[in-house]
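Engineer: Just so we're aligned, residue 41 is where the sequence shown starts under my numbering, counting upward by one. For reference, the structure I am asking about is given below.
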Amino acid sequence: MNYRLIIVLYFILINSINTSLAEVTGTPRIIDGDTIVISGDRIRLHGIDAPENNQTCINSNNKPWNCGRQSTLFLHNLINGKAIICKGKTRDRYKRLIGVCYLDATNLNAEMVRNGWALAYRKYSTDYIQSEDIAKSNKSGMWSGEFINPWDWRKRKRLKNEGAKSCCKICKKGKACGNSCIAVSYTCREGLGCACNAK
């Protein structure tokens, strides 16, 4: 038999194994609103981004609250100690399986977004935009008040930790929103900017 053919078939077989669907089943340990662990395998819920455990939001009474912890608690209560199945094809740079997880027929990724405890992560997927629209119109979860998108919050935290953030405008009245200042009663929907709140 031709050795070149054997080598080509070998690489085709290896490639098909690497791209095959991975399924992980079991009772998960909840890390946060978009990350779980099943039997030692860390799984990142595909297409969604939940607030970090220590991320705070502003409620409808302008009071800070820990929306990250609440997101984690919502996923914990949704699963309620039951076995789930997660299906994925890829792993991220942290070696986490990127997957869609189900409790019976319920898509947990969609439920997190539909209930306002995670956002559709448009950078990687458009699968949950409709679910986000439902949460937004119902003012569910984080949508009941003000919040910073989780990806912007992580970036801000990283910049703050690096000491790299410099302010282009200091908001003595009102609050920072993107590159400008707005009234405290307004909702900021801007991304990261250079405006800073006065200390």
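For every residue, glycine included, the Cβ atom is placed at its ideal position computed from N, Cα and C.
For Trp105, which beta-bridge partners are listed by DSSP?
Structural biologist: Cys97.
Engineer: Alpha helix (DSSP H) containing Val153: first to last residue?
Structural biologist: Counting along the chain, the alpha helix (DSSP H) containing Val153 begins and ends at Leu148 to Arg154.
Engineer: Near Arg86, what residues of its chain come up, given a Cβ to Cβ distance below 7 Å and the 5 sequence neighbours on each side ignored?
Structural biologist: First, the residue type needs correcting, since residue 86 is His and not Arg in the sequence shown. So the qualifying residues of the chain are Gly128, Ile138, Gly139, Val140, Asn149 and Ser165.
Engineer: Should Gly121 and Gly156 be called a contact, given that it needs their Cβ atoms to be closer than 8 Å?
Structural biologist: For Gly121 and Gly156, no; Cβs fall outside 8 Å.
Engineer: Looking at Ala160 and Ile88, is the spacing between their C-beta atoms short of 8 Å?
Structural biologist: A contact, by the Cβ cut-off of 8 Å.
Engineer: Rounded to whole angstroms, what is the Cα-Cα separation between Tyr226 and Asn219?
Structural biologist: Cα-Cα distance, rounded: 15 Å.
Engineer: Smallest Cα separation from Lys213: which of Ala238, Arg196 and Cys228?
Structural biologist: With distances taken between Cα atoms, Lys213 lies closest to Ala238.
Engineer: Using a Cβ-Cβ cutoff of less than 7 Å, which residues in the same chain neighbour Trp105 once the five nearest sequence positions on both sides are dropped?
Structural biologist: Result list for Trp105: Thr96, Cys97 and Asn99, in chain order.
Engineer: Whole angstroms are fine: how far does the CA of Lys209 sit from the CA of Thr67?
Structural biologist: Taking the straight line from one Cα to the other gives about 49 Å.
Engineer: Return the bridge partner residues of Cys236 from the DSSP annotation.
Structural biologist: In DSSP, Cys236 forms a bridge with Ile210.
Engineer: As a quick exercise: from Asp132, Arg133 and His116, pick the residue whose alpha carbon is nearest that of Leu143.
Structural biologist: Closest by alpha carbon: His116.
Engineer: For Trp193, tell me which candidate among Gln170, Cys217 and Asp173 has the shortest Cα-Cα distance.
Structural biologist: Of Gln170, Cys217 and Asp173, the residue nearest in Cα terms is Cys217.
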